[in-house]
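J.: Would you mind keeping the following structure in view while I ask a few things?
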Amino acid sequence: MINKIVRDMAEAMQGIPDGATVLVGGFGSVGQPDTLIDALIEQGASDLTVVANNAGTGRVGLARLMELGRVRKIICSFPRSAGSVVFEELYKAGRLELEIVPQGTLAERMRAAGAGVPAFYTPTGYGTLLTEGKPTAEFCGKMCVLEQALPGDVALVQAHMADRWGNLTYRRSARNFNPVMAMAAKLTIVEVDEIAPLGTLDPEAVATPGIFVDRVIQLPRTAA
Amino acid sequence: MSETAFAPLSRKDMARRVAQDIPEGWYVNLGIGIPTMVADYVPASREVVFHSENGVLGMGPAPAPEDADPYLINAGKQQVTLLRGGAYVHHADSFAMIRGGHLDLCVLGAFEVAENGDVANWATSANDTAPAVGGAMDLAAGAKRLWVVMEHTTKDGAPRLVKKCGYPLTAMGAVRRVYTNLAVLDVTPQGFAVVEMAPGLTFEELQARTDAPLQMAQPDSEPGETA
C-alpha cells in the first residue's frame, strides 16, 4: 500500500543533508510552509542553498534559519521587502550569497527542472545586469538569454489537502510556487491542513499529482 | 521652480487617465503603486480582466473587512477578491501568461524611461544594497504592450524621461507609452511624442522638464500603438 503520510516531523525531515538546495514555497507568507521551515531549523542541516521568492521577514521562519548561519546562498526574485531585516543584515555583512532571478525565470527554471528541460532561452532580462555573462541568441527577432534549470534536493511545500498517494489541492493564491517546486525536487515534503481518504479528492481539482510528492505531514488543527 | 499656472495631475488622476485608455476585453497586469490604482477607475460595466503574477486571473478589488481571505492576495501582498469567471494558477502558468505574450497590457511604475523605450524600475544603482526585481523583467519583456505611469520628474526636479537611462535597466526598448503628472507621451521610432499635456502647460515648459527632445504626436495616433 502506498502511504506517503508520515507520523511526525522527525520522519518528515529525515535525510536532508548539509549543502542541500532547498526550494521553499510561498509568496510572502501566503502558501509558505512555516511548520516545515521550523522543522528544518530543528533538523539541523546547514550550508544550505535556499530558493524562495522572498527572503523572510522578522526573525522567525526563513529569517531565523538565515540568522542561525545555516544558509550559504539564497536564490530569489524579491529579497527586500517590509521587515526583511535579517536578509539585509547578512547581505550587507557579506555573510549571504545572493542570486536575484526575475520571478518568471525563477518559476520557469524550476518547472524546467521538473520537466527534464536542462536549459531554455527567454527574452526576460536580456541586456540587464541580472543576465550579464549568460549566453545569448536571437529567436523570432528577439534577443534571448540562456537560463538553466534549477533543480532542488528538497522542496518544502504547503498545500490544503492531501491523500495518502500525495495528491494535493491548494487554496486560492496560496498555490503560487508550491506546484512547480514539488515538481523540481528529488525529495518533496508537504504540510497540509487535512488528509482526505484516497479517492475523495476531485481528480479535476488536484493541482499536484502524487507522483511529485514524497512525504506528507498533517498540521495540528489550530483553533478557528 | 518658479510659480506656474498649469495643474499637474494627482496620483489618482494619473491612474484615472490610464484607465481611460484600457478597452473592454483586455487582459491586464498592474504593477505596484499608481498602477494598482488604475483598476479603481475602470468602470465595472467594462469587462477588463486583471492578472496578478502570484497566480490570480480575474482579480477584483479589496474585500470588505468581513470578507477578507488570508489566502487571496495580489502581487503587492494586499488582500484582494476574485471576480466571477476568475481562476487560480500556479506560478509557472501565471508567468507563462506573462512571458508567452498573452497579456494585452502591463502598466508599471518606473524610475526612468528612455526615448528608445528602455525602462529602469528595479534598482537605483549597480551596487544597490539589497536589490529586488520581482516580476518586472518578465512583465516588461513579455506583455504585448508596456505602459509606464510615473511622476514626470524626481522630487528634486530631475527629468525621468531621458535620452539614456542612468539606472540599471529592467528591459530594452519595451515601453510604448508613458503617463506622467504632466503629459501622456508615446515612444516612437523618432523618440517621445506628446499626446496630451496637463491643463495650462505649454510644450516649452514640458520640454524644460524633460531630458529627451520632444515632438508633438500625430493627432490620429492610437494609444501607444506607434512604436
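One line per chain: the protein sequences are A and B, in this order.
The first sequence runs 1 to 224 under full-length UniProt numbering.
The second sequence runs 1 to 227 under full-length UniProt numbering.
Just so you know, even glycine gets a beta-carbon here, dropped at the ideal spot from N, CA and C.
#1: Do the CB positions of aspartate 138 of chain B and leucine 169 of chain B come within less than 8 Å of each other?
#2: Which same chain residues end up closer than 6 Å to glutamine 148 of chain A when comparing Cβ atoms and leaving out the 5 residues on each side of it in sequence?
#3: Could you name the residues of chain B that leucine 176 of chain A contacts, counting a contact when the two beta carbons are closer than 7 Å?
#4: Enumerate in chain order the residues of its own chain whose CB-to-CB distance from histidine 160 of chain A is below 8 Å, with the five nearest sequence positions on each side excluded.
#5: When we look at the beta-carbon of methionine 1 of chain B and count the other beta-carbons within 10 Å, is it buried (16 or more) or exposed?
#6: For the alpha helix (DSSP H) that contains methionine 13 of chain A, what are its first and last residues?
#7: Go to methionine 183 of chain A, then tell me how far its alpha helix (DSSP H) extends in each direction, as first and last residue.
#8: Quick one: what's isoleucine 73 of chain B bridged to in DSSP?
#9: Would DSSP call tyrosine 170 of chain A helix, strand or coil?
#10: So is lysine 92 of chain A buried or exposed if we call it buried at 16+ other beta carbons inside 10 Å?
#11: Do you know offhand how far alanine 68 of chain B's Cα is from proline 61 of chain B's?
#12: Would you mind telling me which residues of chain A sit closer than 9 Å to arginine 145 of chain B, beta carbon to beta carbon, in chain order?
#13: List the endpoints of the continuous alpha helix (DSSP H) containing leucine 36 of chain A.
#14: Name the residues in the stretch 129-153 of chain A whose C-beta lies less than 7 Å from a C-beta of chain B; which are they?
#15: What residues from chain A crowd round lysine 164 of chain B, counting only those whose CB sits closer than 8 Å?
#16: Determine which residues share a DSSP beta bridge with glutamine 158 of chain A and list them.
#17: Using a 10 Å radius around the Cβ and a threshold of 16 neighbouring Cβ atoms, would you call isoleucine 211 of chain A buried or exposed?
#18: CB-CB under 8 Å to glycine 56 of chain A, same chain, minus the five flanking residues each way: which ones, in chain order?
#19: From what residue to what residue does the beta strand (DSSP E) around alanine 119 of chain A run?
#20: List the residues of chain B whose Cβ lies closer than 9 Å to the Cβ of threonine 105 of chain A, in chain order.
#21: Going by the CB atoms, is the gap between alanine 217 of chain B and glycine 191 of chain B shorter than 8 Å?
#22: To test your reading of the DSSP string, which unbroken beta strand (DSSP E) runs of 3 or more residues are found completely within the stretch 176-206 of chain B?
#23: Could you tell me whether the Cβ of serine 173 of chain A comes closer than 8 Å to any Cβ of chain B?
#24: Return the CA-CA distance between alanine 113 of chain A and glycine 109 of chain B, expressed in angstroms with no decimal places.
#25: Note down, in chain order, each residue of its chain lying with its Cβ closer than 7 Å to the Cβ of glycine 104 of chain A, except the 5 sequence neighbours on either side.
#26: For glutamate 3 of chain B, I'd like the list of residues in its chain whose CB is within less than 8 Å of its CB, leaving aside the five on either flank, ordered along the chain.
#27: Based on the DSSP output, what are the partners of tryptophan 147 of chain B in its beta bridges?
#28: Are the stretch 86-96 of chain B and the stretch 5-18 of chain B in contact at 8 Å, needing three or more beta carbon pairs?
#29: What residues of chain A sit near residue 249 of chain B, judged by a beta carbon separation below 8 Å?
#30: Could you give the DSSP three-state label for methionine 1 of chain B: helix, strand or coil?
#31: If you run the structure through DSSP and keep just helix, strand and coil, what is glutamine 218 of chain B?
#32: Considering only residues of the same chain and omitting the five flanking positions on each side of leucine 187 of chain A, which have a CB-CB separation below 6 Å?
#33: What is the DSSP secondary structure of aspartate 93 of chain B, reduced to helix, strand or coil?
#34: Just to make sure I have the definition right: I need the residues of chain E whose C-beta is within less than 7 Å of the C-beta of threonine 124 of chain A. Which are they?
#35: Taking one C-beta from the stretch 98-116 of chain B and one from the stretch 20-40 of chain B each time, how about it: are there three or more such pairs within less than 8 Å?
#36: Could you list which residues in chain B have their beta carbon closer than 9 Å to that of alanine 93 of chain A, in chain order?
T.: The structure says:
#1: no
#2: Ala119
#3: Per the sequence presented here, residue 176 of chain A reads as asparagine, with leucine not at that position. Chain B residues near asparagine 176 of chain A: Asn54, Gly55, His90 and His91.
#4: Leu168, Thr169, Tyr170, Arg171, Ala174, Val192, Asp193 and Glu194
#5: Reliability fails at methionine 1 of chain B, whose pLDDT of 49 lies under 50, so the model's placement of it is uncertain and the value that follows must be treated cautiously. Answer is exposed; the Cβ neighbour count stays below 16.
#6: 9-13
#7: 178-184
#8: B/Gln79
#9: coil
#10: exposed
#11: 11 Å
#12: Ordered by position in chain A, no residue passes the 9 Å Cβ test against arginine 145 of chain B, which lies about 15 Å from the chain.
#13: 34-43
#14: Leu129 and Leu130
#15: In chain order: nothing, as chain A lies at least about 13 Å away.
#16: A/Glu191
#17: exposed
#18: Leu62, Ala63, Arg64, Leu65, Met66, Ser84, Val86 and Phe87
#19: 119-122
#20: Phe95, Arg99, Met137 and Asp138
#21: no
#22: 183-188 and 191-197
#23: yes
#24: 32 Å
#25: Thr124
#26: Confidence at glutamate 3 of chain B is low in this model, with a pLDDT of 49, below 50, so its placement is unreliable and the value that follows should be read with caution. Taken in chain order, the list of residues that qualify is empty.
#27: B/Val107 and B/Arg177
#28: no
#29: Within the shown structure, residues of chain B are numbered from 1 to 227, placing residue 249 of chain B beyond reach of any answer.
#30: Only weak support is given to the placement of methionine 1 of chain B: the predicted model assigns it a pLDDT of 49, under 50, and the value that follows is read from those uncertain coordinates. Correct three-state label for methionine 1 of chain B: coil.
#31: coil
#32: Val154 and Asp214
#33: helix
#34: Annotation note: the requested chain E is absent from the structure, which comprises protein chains A and B.
#35: yes
#36: Residues of chain B passing the Cβ test: none, with the nearest at roughly 11 Å.
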